[in-house]
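Reading the sequence shown from the start, the letters are residues 1 to 633 in the UniProt record's numbering. We treat Cβ as the ideally placed atom computed from N, Cα and C, and that holds for glycine. Every value quoted in this text rests on a predicted model; they were computed, and no experiment measured them.
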Amino acid sequence: MSSTYAETYAASSLDPERFWLDAAASLAWDKEPTRAIDDSRAPIYAWYPDGMLNVSFNALDRHVLAGRGETTALVYDSAVLGIQRRFSYSELLDRVATFAGVLRSQGVGQGDRVLIYLPMIPQAHIAMLACARIGAVHSVVFGGFAPKELAARIDDATPKVIVTATGGIEPTRRVEYLPAIADAMEQSAHHVPTVIVAHRDGFAHERSQYAGGDTDWHDWDELASAAQPVDAVPVASTHPLYILYTSGTTGSPKGVVRDSGGYAVAMDWSMRNIYGVRQGDTMLTASDVGWVVGHSYIVYGPLIAGAATVLYEGKPVGTPDAGAFWRLIDDHKVDVFFTAPTALRAIRKADPDAKLLGGHDTGSLKALFVAGERLDPDTYGWACEKLGVPVVDNWWQTETGWPIASNPVGLELLERKAGSPTVPVPGYRVEIVDGFGSGVPAGEEGNIVIKLPLPPGTLATLWGNDERFIDTYLSQFPGYYTTGDSGYLDADGYLFVMGRTDDVINVAGHRLSTGAMEQVLGAHQAVAECAVIGVADELKGQRPCGYVVLKSGAEITEEALCRELASMVREHIGPVADFREVRIVEALPKTRSGKILRKTMRQIADGKAYSVPSTIEDPSVIDALIPLLRPTA
């Protein structure tokens with residue numbers, strides 16, 4: 001008998017040991033765990049401490065052994081090359097086992113690190129799963145990342161091998177990877193003995209150009225042709241599966257460590273109960289394997305669930321147009337689609353009436369999930385109207401690895417509230433506290449924290465630095481994980497995430513959420529997307545300033561728009577906001593995952609030193625904004 005959300009959440013809170021042991025039972029364990037959680041090193045916890053398994057085996061072998069080897073595991077759809085390729089579970093398993101043999105031939109063993117620097121091509125799946133197969137720890141870095149940032153990750157993870165390609169393909173250009181790899185290795189103190197290169201046609205640089213140094217450069221296909229496939233190696237549940245870097249406030253990247261057993265359980269449980277994806281379904285996640293969303297819901301989650309996963313090499317607009325996602329859903333009969341709000345806003349800006357949707361059959365789609373940036377109510381309403389399926393905002397972080405809050409579609413579809421990712425997911429005990437750690441009443445904004453222990457699948461620690469892990473996440477409010485986000489829980493228990501805690505501004509003594517102002521601005525009929533930042537003000541401490549991107553075809557002057565938006569903010573938030581500055585811009589600076597770089601914008605506006613994050617999608621956007629980031633007082 002299926003359980004309701006309320007029943008499931010209660011079970012996870014009242015007896016987490018039993019709840020998560022039961023959840024682990026559907027996986028294939030080499031040694032089944034008898035305990036769910038080890039708290040002997042609290043506040044650092046370990047999941048399934050006496051269990052052993054292999055994540056690659058659970059993603060591939062067990063489905064083949066169950067007789068599903070000929071069903072589709074991976075669909076590669078390259079809009080930039082105009083090709084599609086399907087891999088069955090058996091074929092993907094063969095390629096993964098062979099490349100695991102390649103890694104082993106290069107001296108990679110259990111616990112060794114492998115840095116993966118690849119575009120959105122099948123080799124990304126293969127390399128990640130091959131590492132998992134032999135107990136190696138992978139660290140995926142965006143293909144095309146700057147050499148300086150790549151060097152920092154090489155020095156932190158100290159990989160034995162780098163796996164890369166000759167380059168990545170963007171809509172208007174080709175990005176050479178090998179010079180960046182060579183430059184990064186020159187800058188890094190750690191010596192990488194081996195680089196394995198997947199060849200792609202049309203790139204000027206070949207591995208042979210780098211022969212002769214003290215690093216061996218190899219061709220992927222040449223090594224694979226001579227390699228012997230290897231079986232999956234059982235590892236402890238607590239064994240690191242991967243390191244994924246997220247930006248650090250000190251400038252040094254934080255290497256989030258994901259374990260093997262807890263993560264596999266979280267992927268298996270979340271695919272069924274949050275996303276409603278079952279064996280044989282098809283999931284399209286329009287992200288990148290360099291992000292946590294790509295790790296969890298392009299690679300591991302769908303394959304552990306026995307579903308087909310779509311690997312998309314392209315953009316939401318421009319490859320060739322704003323109908324790209326609708327074409328993917330039609331071509332591959334996608335059941336569940338996952339993307340970022342910024343992608344929906346880009347589509348809406350280019351095609352406000354969704355005329356391009358009419359040319360495609362999206363009848364297979366059951367739900368659209370959105371994460372990575374706040375889903376403003378206006379974009380939410382547009383997507384609901386145009387697609388006619390539940391649009392589900394889900395909120396989480398690189399650190400957590402899977403959703404903290406969501407509408408649990410696989411359990412039951414709850415009432416949706418625009419602007420809210422719905423309710424805390426079972427396993428996450430979310431609370432709102434003030435600056436002193438005391439709880440606040442329903443509806444009052446404060447710090448979003450999660451009571452320890454976090455559920456399985458969340459970060460185990462930071463790579464090589466337990467102390468930094470505790471200092472960064474666990475010390476501000478003892479007994480809780482600090483998310484760094486602000487928001488509130490309403491009377492129904494729905495969570496509203498308003499933004500990072502440093503996006504709360506102080507206007508003449510009034511603490512105001514820029515997220516709440518953005519919600520108002522986004523409701524204007526001419527606004528495609530927006531950002532509000534707090535600018536330093538001698539009189540009031542800070543004053544809000546809005547930066548707005550118009551919808552395609554919108555005709556309104558900056559002066560008129562400013563007047564209308566100021567009136568809307570005054571009506572919905574009040575005169576205390578003192579909102580009266582608006583700039584129309586061509587684009588907002590964002591990371592590749594769609595997060596708007598509000599902190600960088602604020603630093604520029606305040607005349608402070610700033611550094612553009614390495615994860616920025618288009619650095620030229622910042623250059624264009626600099627002269628506009630000095631609003632007139």
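Alpha-carbon to alpha-carbon, proline 544 and threonine 250: At threonine 250 the pLDDT is 48, less than 50, meaning the model places this residue with poor confidence and gives no usable figure here.
Close beta carbons around isoleucine 298, own chain, < 7 Å, minus the five adjacent residues each side: Thr285, Ser287, Val289, Thr309, Leu311
Range of the contiguous beta strand (DSSP E) that encloses tryptophan 217: 216-219
Cβ neighbour criterion (16 or more within 10 Å) applied to phenylalanine 87: buried
Runs of alpha helix (DSSP H) lying entirely within the region 441-485, each at least 4 residues, in chain order: List check, alpha helix (DSSP H) in window: 466-469.
Rounded separation between glutamate 32 and glycine 67 - CA only: The straight-line gap from Cα to Cα measures roughly 23 Å.
Rounded distance between the beta-carbons of valine 449 and valine 433, thought under 8 Å: 6 Å
Sequence-distant residues of its chain with Cβ nearer than 8 Å to leucine 356 (five each side left out): Apart from the 5 residues on each side of it in sequence, leucine 356 sits with its Cβ closer than 8 Å to the Cβ of Asp321, Ala322, Gly323, Trp326 in its chain, given in chain order.
Exposure of leucine 65, with buried meaning 16 or more beta-carbon neighbours within 10 Å: exposed
Histidine 191, DSSP secondary structure in three states: coil
Per-residue DSSP class, three states only, for phenylalanine 57: helix
Nearest candidate by alpha-carbon position, reference alanine 226, set Thr8, Val102, Ser296: Looking from the CA of alanine 226, the closest CA among Thr8, Val102, Ser296 belongs to Val102.
Start and end residues, beta strand (DSSP E) containing phenylalanine 99: Where phenylalanine 99 is concerned, there is no enclosing beta strand (DSSP E), although the alpha helix (DSSP H) it sits in stretches over 89-105.
Entirely enclosed alpha helix (DSSP H) segments - the region 106-178, minimum 4 residues: 122-134, 147-157, all fully within the region 106-178.
Residues near aspartate 183 in its chain [Cβ-Cβ closer than 6 Å; skip 5 each side]: Pro147
Per-residue DSSP class, three states only, for leucine 65: helix
Cβ of glycine 314 within 7 Å of any chain D Cβ: The chain labelled as chain D is not found in the depicted structure, where only one protein chain is given.
Beta-carbon spacing of leucine 411, tyrosine 5 below 7 Å: yes
Test item: CB-CB of alanine 371 and asparagine 394 under 7 Å: Against a cut-off of 7 Å, the Cβ pair of asparagine 394 and alanine 371 comes out as a contact.
Nearest neighbour of tyrosine 245, chosen from Tyr610, Thr238, Arg258, Tyr481 [CA to CA]: Arg258
Under 7 Å between C-beta atoms of phenylalanine 337 and leucine 375: no
8 Å contact criterion, which valine 569 and alanine 577 should meet: CB distance rounded: 5 Å
7 Å Cβ shell around tyrosine 481 - same chain, five flanking residues per side excluded: Val449, Ile450, Leu452, Leu454, Tyr473, Leu474
Where lysine 608 falls: helix, strand or coil (DSSP): Three-state result, lysine 608: coil.
Chain-order list of residues whose beta-carbon lies under 7 Å from that of threonine 282 (same chain, five-residue window excluded): Ala307, Ala308, Val310, His332, Lys333, Val334, Asp335
Same chain, Cβ closer than 7 Å to serine 56, five either side skipped, listed in chain order: Val96, Leu129, Ala132, Arg133, Ala232
First and last residue of the uninterrupted alpha helix (DSSP H) at glycine 51: Neither: glycine 51 is in no alpha helix (DSSP H) and is coded neither H nor E.
N-terminal and C-terminal residue of the alpha helix (DSSP H) that isoleucine 347 is part of: 341-350
Beta-carbon gap between residue 643 and glycine 499 smaller than 7 Å: Here the chain has residues from 1 to 633 only, and residue 643 is not among them.
Simplified DSSP state of aspartate 331, which is helix, strand or coil: helix
Span separating the alpha-carbon of glycine 318 from that of alanine 127: 29 Å
Bridge partners - arginine 583, DSSP secondary structure assignment: Tyr547
Burial state of glutamine 110, where buried means 16 or more other Cβ atoms lie within 10 Å: By the 10 Å Cβ count, glutamine 110 comes out exposed.
Exposure of alanine 633, with buried meaning 16 or more beta-carbon neighbours within 10 Å: With a pLDDT of 41 at alanine 633, under the threshold of 50, the modelled position of that residue is not reliable, and the figure given next carries that caveat. With fewer than 16 other Cβ atoms within 10 Å, it is exposed.
Of the residues Gly262, Thr158, Pro122, Trp382, the one placed nearest tryptophan 220, counting alpha carbons only: Pro122
Sheet register partners of methionine 283 (DSSP bridge): Thr309, Val336
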